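Peer 1:
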Amino acid sequence: MTWGRFLLLRLAAAVAALAVVSVLVFAATAVLPGDAVGVLSGADTTAAQRATLRADLGLDRPAHERYLDWAGSLLRGDLGTALVGGRPVSDLLADRLPNSVLIAVLSLLLVAPLSVVCGLVAGMHPRAAADRAISTATLCGVALPEFVVASLLVTVLATWLGVLPRVSLVPLGGTPLDTPEILVLPVLSTVAVGLAAATRLIRTAAAQVATAPFVEAARLRGVTGPRLALRHVLPNAIGPAVQSLALVTAALVGGTVVVETIFSYPGIGYELQQAVANRDVPVVQGLTVVLAGIALVVLLLADVVARLVDPRQGRHP
Amino acid sequence: MTRLAARAGVLLVLAVAVLGPLLVTGSPTEQVGVPYAPPGPGHPLGTDALGRDLLARVLTGGRVVVTLAAGATLLATALGVLVGVSAGLAPRHTADLLVRVTDLVAIVPAVLVMLVLAAGFPGSDLAVLAAVTLTTTPFSTRVVSAATRAVAGSGFVEVARGRGDTPAQVLRHDILPNIAGTVLTDAGIRFVAAVHLTATAGFLGLGRGAPAPNWGRMVQENLPGLSLTPLPVLVPALLIAVLAVSVNLVADDLAARTAGAT
Amino acid sequence: MTHHIGRRSMLRGGLVAAAALATGPALLAGCGSDADPTPSTPSGPPRRGGTLRAALVGVGAAETLSYFHGGTNLDFVRARAMHAALGNLDPTAPDGVRYEVLEGIDVSADLRSYTLRIRPGLTFSDGSPLTARDVLYSLITPNDDPRALGVYKTPGRNFDLAKAEVKDVRTLVLPTLAPIADGRLLLCQGNYLVLREGSRFEQNAPTSGPFRLTTFEPGQGTALVRNDEFALPGLDGAYLDGLELRNIPDSDARASALTNGQVDFAGDLAPITARTLDGDDRVVVTRSESPYVSGLFFRLDMTRKPFDDPRVRTAFKLAADRQAMLDTVLHGRGVIGNDLLSPGFPGYADGIEQRPFDPDGARALLAEAGARNLEVTLTTGPETPGMVEVATLYVENLKQIGVRATLRELPAGQLFADFPAYVKLPFAASFSVPVPPMPLYQVSYGGQNPSALGWNRPDVDALVTKARSTADPAEANRAAVAAQQAMWTDGNTIAPVFKPFVTATVPTLRGVREDLFEQFPGFSRASLR
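Residue numbers (my numbering), protein chains in the order written: chain A, 3 to 319; chain B, 51 to 312; chain C, 3 to 531.
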């Protein structure tokens with residue numbers, strides 16, 4: 003398969019997936035009972051006023067028309083306007099997305115090297131003491147739901163010891179980087195879960211490579227320790243490793259609802275939750291599609307990297 | 051040793067979750083004392099935020115988490131086998147595309163799906179079940195289709211087909227027995243994910259609301275009183291953790307044995 | 003940790019459900035906010051300078067500067083900081099109100115015309131004068147806006163704004179729709195702020211309040227600095243240099259932000275949060291007192307079986323273990339309710355006997371009504387801390403009188419989100435805001451209000467109208483008490499407990515209570531020592 007064909011196929015699949023996701027999310031938010039009019043109007047709003055409001059928002063038209071309208075605008079680069087608050091969705095994204103991406107990037111910066119090292123150490127010698135320790139630790143890591151980890155961190159580090167801020171207040175007019183201490187607890191919470199997951203995936207890949215004949219051969223030649231790991235195992239395990247990290251990254255960007263809620267961190271997950279509660283379809287749609295798009299790009303990049311680094315990939319039919 | 055502990059852990063927590071409601075003598079919703087009371091006579095774990103017996107709530111609060119997670123796992127695995135096997139046996143390009151798209155649909159955050167469904171069907175545990183199933187299925191599909199492809203490509207399916215076996219026979223005698231181990235292991239991993247999601251649903255206030263006890267929800271309910279007494283938060287959190295760790299260990303063990311067998 | 007999705011709909015709905023929102027605290031003359039001054043408030047003259055950081059409940063990125071649309075605590079606190087009010091309720095002042103933008107209100111003898119006199123020399127933040135036209139604009143604007151909260155439409159329901167007359171730059175005459183005696187209190191209840199004529203809440207629009215906006219980040223917070231143009235007799239501008247209002251939706255998180263030194267003020271705390279803060283010498287906890295308390299109550303639809311039978315309604319009222327709810331949910335800090343809203347306000351019928359906790363009596367009444375094996379579902383949601391908890395305990399109380407009661411808890415923000423659906427629920431929870439009894443009755447129970455749920459008593463409606471339009475206080479009070487006696491006996495409201503508004507601050511902060519209207523704290527007189 004040539005590079006051109008490879009990329010084309012991957013892109014086509016990504017676009018198809020994006021379309022599927024957006025239809026599913028739209029269907030779910032549009033078909034379910036209730037809409038934003040209920041959120042926007044109060045008790046004394048008459049039925050006629052509600053109807054006017056519904057028409058103003060365009061919510062009285064059939065769902066498929068609304069979806070096609072939305073999709074058409076999207077193709078022109080217009081994400082629409084929030085029903086509640088009336089802000090352009092792109093504004094909201096510009097405000098909140100960088101904050102969520104920041105958490106994801108910082109977490110990845112910690113997760114990537116740590117998980118590769120831990121995964122290699124454990125995978126090189128399955129069932130050795132180091133493997134047991136790492137496997138047990140990561141096992142506990144993946145076993146704890148994010149909200150439990152975050153709640154425990156808050157309780158110990160913020161409420162009891164008071165060494166870190168309990169709430170991630172971003173300075174008004176500034177960015178989270180102006181007060182880096184507010185990032186520590188959210189990043190720790192996501193790292194705890196992401197690191198465990200990535201390490202386990204990489205360990206499995208490394209363990210498979212470590213039993214391959216060519217690694218045995220290298221061992222017999224007297225190559226051991228870090229040299230064996232870096233020269234022989236890592237290059238062959240890196241494909242799966244990159245894929246694992248990509249999956250974890252996608253989950254990091256998309257799965258921040260819990261952490262952002264607990265720390266009142268102004269990110270995309272928190273807004274998503276609000277938008278769903280408000281039945282603000284354009285916001286839910288816009289955020290979901292952008293989130294999915296980012297995850298798709300990450301997975302695509304991972305595919306490309308995996309193809310580049312894995313000498314065998316190119317030779318496959 | 052670990053294997054034993056893991057199995058013991060699974061059995062213990064499952065027993066608490068499933069049999070717990072039968073052991074409860076008092077009501078898990080009735081107020082029996084002051085809120086956040088420490089352990090004392092009659093209430094071995096103390097009381098919760100509303101002065102209800104914590105032990106009674108712990109014993110009754112696991113069933114919903116475990117049954118929802120188990121139900122979702124069963125459904126997701128069944129769907130995963132259905133789609134995965136078809137994809138695994140389909141012509142390569144069709145299969146690739148199918149798997150790829152399923153794969154990509156899986157990137158929609160599970161919590162989002164839960165939020166959306168719960169907004170439409172407030173207070174419904176079925177919405178949580180549906181959300182967990184929907185978000186879990188793509189992962190199962192992927193694993194099953196890969197396993198099916200490996201078996202289908204291994205030669206003896208060709209032989210069976212050459213013998214003139216019908217596709218149904220091939221499926222029954224050659225494919226399914228050979229992917230059973232993988233499916234089982236995968237189901238274990240999916241179950242852990244499903245436990246997380248159902249507990250998180252409780253924590254976020256989705257699914258059946260008060261006063262029904264639910265380990266995830268109990269963590270959330272009692273968090274404000276953590277400085278008064280930690281047990282109402284720690285006990286349910288610990289049970290969720292032990293359940294997940296031990297199921298993980300059992301799944302790992304299964305995976306190792308499956309790998310050893312093939 | 004409390005749920006906090008969709009606070010917008012929470013206040014929007016809660017206020018309406020309670021009372022279609024504060025109409026107008028009538029009959030307040032002579033009432034004292036009996037709250038003691040905070041014991042550890044430092045003494046001496048207020049110091050100038052400093053920036054106060056306050057944590058409040060707001061919404062996410064859907065936040066706008068239009069307080070007509072935003073129903074959160076943060077929305078109105080921000081509005082108070084930016085825009086001056088006509089006046090605030092002050093039981094110690096001669097008219098029962100402390101005028102702000104207004105110098106005074108003259109009422110005609112027939113109670114049909116109100117003349118608003120605007121204080122001389124007031125200016126907006128750009129130095130332009132504040133006139134009668136601005137005041138009229140501010141009262142009219144929300145009237146035709148379907149998205150505006152009900153409270154802002156109240157003047158339009160009592161005064162004929164279309165016939166209002168601007169006599170000169172400092173004089174505005176408002177004719178009433180029907181004679182009312184309590185119009186001063188209605189207009190000066192703190193909710194009516196002054197915008198410049200034509201203002202559309204643009205970020206750089208000139209404003210009339212003690213602070214002016216510098217940064218607005220929807221969902222995150224607002225930064226303001228002192229408005230040097232703002233001055234009232236005895237108050238030469240705010241003491242603070244700056245004010246930061248931050249959105250922290252979770253009660254526990256607001257409290258921790260305070261103890262961690264991230265903010266100086268934490269508003270609207272949950273009862274359990276307040277309890278964990280009591281005794282912490284880094285902070286001062288303040289609880290509002292009656293009448294400034296919020297009722298956690300339940301309402302029955304009288305048009306539906308079995309609630310059409312007064313004996314069933316009374317049985318349901320007798321079943322509530324009010325003391326247990328107070329002790330458990332409010333940790334002992336609150337007011338026991340007597341199934342009437344607005345306790346502590348003048349005009350509240352505090353002479354009516356307290357309804358006891360009497361499960362035996364309740365069972366007997368149910369038996370008498372032939373209501374055996376009743377099955378009821380109580381719908382509630384975490385719209386304000388304590389709401390689900392009180393409902394949970396109440397369902398247990400109902401089980402004890404033999405009713406097969408179940409609780410249906412909706413996710414945060416959904417209970418009031420679809421209001422027509424909410425009023426169709428036969429049995430549901432709600433919460434009230436502090437509003438005096440008579441205006442509240444007119445909005446929630448009088449006429450054919452859908453939220454009256456079958457309460458249809460023209461005789462009581464007439465009593466309430468009389469109470470509001472009678473100039474003689476004693477006579478007005480007699481009518482008010484008679485109306486409430488009818489509500490107590492036959493009504494469809496079970497109001498077991500009222501909870502205070504709780505704030506916590508750093509010990510150096512003072513002067514917040516002096517700004518009145520405490521549930522939406524104002525900072526024009528606040529100072530950090």
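Cβ atoms here follow ideal geometry from the backbone N, Cα and C, with glycine treated the same way.
Predicted, not measured: the structure shown is a model, and the values here were computed from it.
Quick check: is the beta carbon of C:Asn-249 nearer than 9 Å to any beta carbon in chain A?
Peer 2: yes
Peer 1: Could one say the Cβ of C:Leu-23 lies closer than 9 Å to chain B's Cβ atoms, at least one of them?
Peer 2: Bear in mind that the predicted position of C:Leu-23 carries a pLDDT of just 32, short of 50, making it unreliable; the figure below should be weighed with that in mind. No, C:Leu-23 lies away from the interface with chain B (no Cβ there is under 9 Å from its Cβ).
Peer 1: Quick check on C:Phe-161: does DSSP put it in helix, strand or coil?
Peer 2: strand
Peer 1: Out of A:Leu-174, A:Ala-96 and A:Val-261, state which residue places its alpha-carbon closest to the alpha-carbon of A:Val-195.
Peer 2: A:Val-261
Peer 1: Can we say the segment 235-248 of chain C touches the segment 479-496 of chain C, given the rule of at least three CB pairs closer than 8 Å?
Peer 2: no
Peer 1: Please list the terminal residues of the continuous beta strand (DSSP E) segment that includes C:Asn-56.
Peer 2: Checking the displayed sequence, the identity of residue 56 of chain C turns out to be Ala instead of Asn. Unbroken beta strand (DSSP E) run through C:Ala-56: 53-58.
Peer 1: With 16 other CB atoms within 10 Å as the buried threshold, where does A:Val-17 fall?
Peer 2: exposed
Peer 1: Per DSSP, C:Tyr-101 is paired with what?
Peer 2: DSSP, once it has assigned bridges, lists C:Gly-89 as partnering C:Tyr-101.
Peer 1: Name, please, each residue of chain A whose Cβ falls closer than 8 Å to the Cβ of C:Glu-246.
Peer 2: Here the neighbours are Leu-174.
Peer 1: Compare the Cα-Cα distances from B:Ala-99 to each of B:Pro-282, B:Leu-288, B:Ala-301 and B:Leu-289 and report the closest residue.
Peer 2: The option with the nearest alpha carbon to B:Ala-99 is B:Pro-282.
Peer 1: Would you say C:Gln-416 faces chain B, with C-beta separation under 9 Å as the test?
Peer 2: yes
Peer 1: Check each residue of the segment 134-160 of chain B: if its Cβ is closer than 7 Å to any Cβ of chain A, include it; give the result in chain order.
Peer 2: Listed in sequence order: Leu-147, Arg-150, Val-151, Leu-154, Val-155, Ile-157, Val-158 and Pro-159.
Peer 1: Check the C-beta distance from C:Ala-364 over to C:Ala-317 and give it rounded, since I have them as a contact under 8 Å.
Peer 2: 4 Å
Peer 1: Just the chain B side, please: which residues come within less than 9 Å of C:Thr-491 by C-beta, in chain order?
Peer 2: By Cβ distance, chain B contributes nothing, its closest Cβ being about 29 Å from C:Thr-491, past 9 Å.
Peer 1: Using 10 angstroms around the beta-carbon of C:Asn-375, count the other beta-carbons present and answer buried if the total reaches 16, otherwise exposed.
Peer 2: So C:Asn-375 counts as exposed.
Peer 1: Give the DSSP bridge partners of B:Asn-228, in chain order.
Peer 2: Looking at the DSSP assignment, B:Asn-228 forms no beta bridge with any residue, so it has no partner.
Peer 1: Is C:Lys-169 helix, strand or coil by DSSP?
Peer 2: Correct three-state label for C:Lys-169: strand.
Peer 1: Give, in chain order, every residue of the segment 168-187 of chain C whose Cβ lies closer than 9 Å to some Cβ of chain D.
Peer 2: Of the protein chains in this structure, namely A, B and C, none is chain D.
Peer 1: Please classify C:Gly-15: is it buried, with 16 or more other beta-carbons within 10 angstroms of its beta-carbon, or exposed?
Peer 2: Confidence is the limiting factor: at C:Gly-15 the pLDDT is only 36, short of 50, which leaves the residue's position unreliable, though a coordinate-based value still follows. Flag for C:Gly-15 reads buried.
Peer 1: Would B:Pro-88 be called buried (16 or more neighbouring beta carbons within 10 Å of its own) or exposed?
Peer 2: exposed
Peer 1: What number of angstroms, rounded off, separates the C-alpha of B:Arg-211 from the C-alpha of A:Ile-296?
Peer 2: 44 Å
Peer 1: Could you check where the alpha helix (DSSP H) with A:Pro-115 kicks off and where it finishes?
Peer 2: 91-126
Peer 1: Any beta-carbon of chain C closer than 9 Å to the one on A:Ala-160?
Peer 2: So yes, A:Ala-160 belongs to the interface.
Peer 1: I want to see whether chain A comes within less than 9 Å of B:Leu-165, judged by CB atoms only; does it?
Peer 2: yes
Peer 1: Give the residues of chain B in contact with C:Thr-275, contact being defined as C-beta atoms less than 9 Å apart.
Peer 2: Pro-274
Peer 1: Whole angstroms are fine: how far does the CA of A:Thr-4 sit from the CA of A:Val-165?
Peer 2: It is roughly 54 Å from the alpha-carbon of A:Val-165 to the alpha-carbon of A:Thr-4.
Peer 1: At which residues does the alpha helix (DSSP H) containing C:Asn-399 begin and terminate?
Peer 2: 389-402
Peer 1: Please list, in chain order, the residues of the segment 54-85 of chain A that have any C-beta partner in chain C closer than 7 Å.
Peer 2: Thr-54, Leu-55 and Ala-84
Peer 1: In angstroms, rounded to a whole number, what distance separates the CA positions of C:Gly-52 and A:Val-123?
Peer 2: 55 Å
Peer 1: Quick check: what's the CA-CA separation for C:Leu-138 versus C:Leu-151?
Peer 2: 18 Å
Peer 1: Kindly provide the ranges of any beta strand (DSSP E) runs that are 3 or more residues long and lie completely inside the segment 164-197 of chain A, ordered along the chain.
Peer 2: none
Peer 1: From the beta carbon of A:Glu-273, is the nearest beta carbon of chain C less than 9 Å away?
Peer 2: At least one chain C Cβ lies under 9 Å of A:Glu-273.
Peer 1: Should C:Leu-176 and C:Pro-157 be called a contact, given that it needs their Cβ atoms to be closer than 9 Å?
Peer 2: yes
Peer 1: For B:Gly-275, which three-state DSSP category applies?
Peer 2: helix
Peer 1: When the Cα of B:Gln-270 is compared with those of A:Leu-112, A:Val-91, A:Pro-147 and A:Gly-6, which residue comes out closest?
Peer 2: A:Pro-147
Peer 1: Between the Cα of B:Val-115 and the Cα atoms of B:Pro-85, B:Gly-134, B:Asp-302 and B:Pro-263, which residue gives the shortest distance?
Peer 2: B:Pro-263
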